[in-house]
Amino acid sequence: MGSELHETVLAGTEGDTGPDFFSDLVLNTVPSFPLKTYLPDLARIEWAVFQAGDPQHDLKQPPVALQVNPTLSLLETSWPGLADHFKDNSIADAALKKGEEIVLIWRDPETAAIHVQAAAKGDLLALKIVAEELDLLTIRRSEDIALSFLTGVMDRAVAKGLLLKPRSLLVRDPSLFASEHKPLERYLTARVFTLQWHITQACDLSCRHCYDRSSRSQVTLPAGLAILDDMAAFCRSRNVAGQITFTGGNPLLHPEFLDLYQAALDRGLVTAILGNPTRKDVLERICAVAKPEFYQVSLEGLQEHNDHIRGSGHFERALSFLEDLREMDIYAMVMLTLTRDNLDQVLPLAERLQGLADGFFFNRLSMVGEGASLQTPGRQEYRKFLDCFLAAAEANPVIGLKDNLINIVLEGNNRELFGGCAGYGCGAAFNFVSLLPDGEVHACRKFPSPIGNINENSFEEIYDSPEAVRYRQGPSDCRGCRIRHVCGGCLAVAYSHGMNVFQDRDPCCFIEES
């Protein structure tokens with residue numbers, strides 16, 4: 001406006017600096033000044049920026065439900081490009097043409113920066129869904145819009161700060177932790193809930209440590225769709241993202257795997273696969289739907305030992321498959337089941353996997369099912385193994401940390417702890433559960449830990465059941481431990497040693513010696 005006109009206008013406001021009267025005031029007070037016709041809209045944007053900075057809006061406290069950012073202003077303007085002009089007034093007036101544009105102005109909840117942007121269609125859709133309390137599943141059915149598109153729109157609006165996401169309702173019981181060992185917030189609240197879904201028992205391998213070869217009917221497509229609807233509803237009710245990790249058996253042997261995979265994506269759920277090596281054309285069909293978050297295969301050591309456990313030729317097939325995953329840019333994970341017999345195989349295998357896998361992890365054997373014929377390492381030999389494993393991990397980027405007891409070594413060496421098995425120590429019935437093909441739900445698949453049946457109860461009811469609560473509390477012997485938030489041992493290992501998983505700590509725990 002220039003300082004002279006600006007002062008003249010201010011003199012006529014009589015203390016009222018709102019923009020609603022701006023156009024008439026300028027025209028009536030200073031008709032002799034040459035005015036740019038977009039100034040009234042520009043003044044409204046400027047006023048909204050001022051309001052967005054009002055400190056009365058506290059954005060640090062998460063809302064109780066998904067809500068529109070209270071600092072947000074939505075302005076209908078007659079000058080497309082005005083938002084960019086506001087941010088950069090070197091843009092020539094000639095670039096502004098008469099038309100229609102909606103401008104959004106809001107304060108970022110993380111950085112406190114004020115954003116001024118032309119609204120995208122996805123922004124307006126997300127705001128409409130929340131402001132009018134619309135149900136995503138209802139929209140999907142009535143408008144024939146993929147749920148993955150709708151949840152993507154919502155996620156982007158949250159990432160921008162247009163929508164404020166409520167705090168996750170998956171929170172650890174504070175009684176698990178002694179007051180003097182209060183853990184960081186990130187270890188108390190889960191933001192993702194994972195369903196490890198065994199959709200079939202069919203498998204093309206006969207591994208010597210398989211923990212379940214029972215005969216169970218595979219999930220049907222109609223039942224599977226209902227399960228996915230229930231899973232998505234549970235995640236929405238608990239304000240968390242949802243992940244479906246498809247497994248079996250070999251999940252790819254389910255005749256309707258791709259239908260279930262697509263249906264999970266349609267409901268806004270992240271997908272991953274725990275399976276066996278497969279042909280490249282099968283991978284291509286999966287990726288034509290969507291790349292999985294990761295694809296995990298198993299190896300039990302170098303070729304001779306691995307093929308003794310998993311069958312002749314498996315080692316070479318797995319390595320070839322890892323090359324296919326890398327070529328198709330799919331995150332490749334390798335999991336090893338640690339036994340007394342393959343302790344010396346782990347680090348040589350890790351060296352072999354450099355350049356092939358993105359991550360290499362191990363779980364200790366649960367001596368159930370076929371695994372009852374094998375042995376886990378003893379406490380002392382396991383502790384020595386962990387020292388070597390951590391030393392190797394510093395030089396080998398493919399080695400990842402998973403077992404909870406690794407944190408005992410890290411703490412003893414004054415090194416930063418990591419999230420343990422599931423990011424929160426033992427996550428059984430906390431941030432993940434396992435669902436079997438016939439509907440049984442278990443706290444952890446590695447040992448019998450039933451907490452309900454999805455054919456009889458919802459995920460909501462199963463998660464809140466007394467059985468689930470007991471499993472996620474973990475062993476009473478671990479209460480008050482200084483690293484409980486990232487540990488809790490392994491319930492499956494304790495079970496397979498004949499111990500009480502609700503009372504006895506992991507038989508390999510050496511924290512007192514440490």
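Quick note: the sequence shown, position 399, residue 399 per my numbering, numbers continuous. Glycine is no exception: its CB is placed at the ideal position from the N, C-alpha and C atoms. Note that the coordinates shown come from a computational prediction; the quantities given were computed from them, not determined experimentally.
Using only the alpha-carbon positions, how far apart do residue i and residue j sit?
| i | j | result |
| --- | --- | --- |
| residue 305 | residue 350 | 14 Å |
| residue 43 | residue 4 | 16 Å |
| residue 329 | residue 496 | 38 Å |
| residue 465 | residue 48 | 48 Å |
| residue 219 | residue 444 | 19 Å |
| residue 342 | residue 513 | 25 Å |
| residue 214 | residue 244 | 23 Å |
| residue 398 | residue 368 | 29 Å |
| residue 383 | residue 146 | 50 Å |
| residue 517 | residue 475 | In this structure the chain extends from 1 to 514, so residue 517 is not present and cannot be described. |
| residue 202 | residue 248 | 7 Å |
| residue 347 | residue 389 | 7 Å |
| residue 133 | residue 142 | 15 Å |
| residue 284 | residue 340 | 38 Å |
| residue 159 | residue 152 | 10 Å |
| residue 416 | residue 410 | 7 Å |
| residue 518 | residue 83 | Since the displayed the chain opens at 1 and closes at 514, residue 518 lies outside it and no answer follows. |
| residue 317 | residue 418 | 32 Å |
| residue 199 | residue 126 | 33 Å |
| residue 331 | residue 171 | 29 Å |
| residue 148 | residue 130 | 17 Å |
Which whole-angstrom value describes the C-beta separation of residue i and residue j, a residue pair presumed to lie in contact below a C-beta threshold of 8 Å?
| i | j | result |
| --- | --- | --- |
| residue 486 | residue 407 | 5 Å |
| residue 230 | residue 373 | The pair is not a contact, with the Cβ atoms about 38 Å apart (cut-off 8 Å). |
| residue 96 | residue 38 | 6 Å |
| residue 156 | residue 122 | 6 Å |
| residue 488 | residue 425 | 4 Å |
| residue 209 | residue 378 | Going by Cβ atoms, the distance from residue 209 to residue 378 rounds to 18 Å, so no, they are not a contact pair. |
With respect to the alpha helix (DSSP H) encompassing residue i, which residues constitute its N-terminal and C-terminal limits?
| i | result |
| --- | --- |
| residue 231 | 221-237 |
| residue 138 | 136-143 |
| residue 109 | Note, residue 109: premise wrong, no alpha helix (DSSP H); not H, not E. |
| residue 466 | 466-473 |
| residue 372 | No alpha helix (DSSP H) contains residue 372, which DSSP labels as neither H nor E. |
| residue 295 | Element bounds for residue 295: not the alpha helix (DSSP H) but the beta strand (DSSP E), 295-298. |
| residue 122 | 121-131 |
| residue 154 | 147-160 |
| residue 507 | That residue, residue 507, is in no alpha helix (DSSP H); it is neither H nor E in DSSP. |
| residue 385 | 379-395 |
| residue 309 | 303-310 |
If you measure from the CB of residue i, is any heavy atom of the ligand MG nearer than 6 Å?
| i | result |
| --- | --- |
| residue 64 | What this structure holds is no ligand at all, so the ligand MG is not there to describe. |
Under a Cβ-count criterion, where at least 16 other Cβ atoms within 10 Å of its own Cβ denotes burial, should residue i be classed as buried or exposed?
| i | result |
| --- | --- |
| residue 50 | exposed |
| residue 287 | exposed |
| residue 413 | exposed |
| residue 54 | exposed |
| residue 36 | exposed |
| residue 449 | buried |
| residue 298 | buried |
| residue 338 | buried |
| residue 281 | exposed |
| residue 395 | exposed |
| residue 312 | exposed |
| residue 58 | exposed |
| residue 90 | exposed |
As a quick exercise: from the options, pick the residue whose alpha carbon is nearest that of residue i.
| i | options | result |
| --- | --- | --- |
| residue 169 | 137, 191, 158 and 477 | 191 |
| residue 271 | 299, 301 and 232 | 232 |
| residue 437 | 251, 240 and 90 | 251 |
| residue 477 | 61, 177 and 130 | 177 |
| residue 258 | 268, 289 and 228 | 289 |
| residue 69 | 76, 353, 39 and 115 | 115 |
| residue 204 | 383, 122 and 253 | 253 |
| residue 188 | 473, 511, 498 and 491 | 473 |
| residue 104 | 87, 92, 98 and 93 | 87 |
| residue 79 | 308, 59, 41 and 469 | 41 |
| residue 326 | 301, 356 and 307 | 356 |
| residue 173 | 505, 469, 482 and 411 | 469 |
| residue 193 | 336, 315, 366 and 428 | 428 |
| residue 292 | 124, 301 and 275 | 275 |
| residue 128 | 320, 66 and 385 | 66 |
| residue 387 | 401, 109 and 375 | 401 |
| residue 585 | 324, 266 and 302 | For residue 585 there is no data in the structure shown, the boundaries of the chain being 1 and 514. |
| residue 366 | 112, 422, 446 and 404 | 446 |
| residue 110 | 162, 510 and 452 | 162 |
How far does the beta strand (DSSP E) with residue i in it extend, from its first residue to its last?
| i | result |
| --- | --- |
| residue 442 | 440-442 |
| residue 364 | 359-364 |
| residue 195 | 192-198 |
| residue 332 | 332-338 |
| residue 76 | 73-77 |
| residue 407 | No beta strand (DSSP E) holds residue 407; the alpha helix (DSSP H) holding it covers 406-412. |
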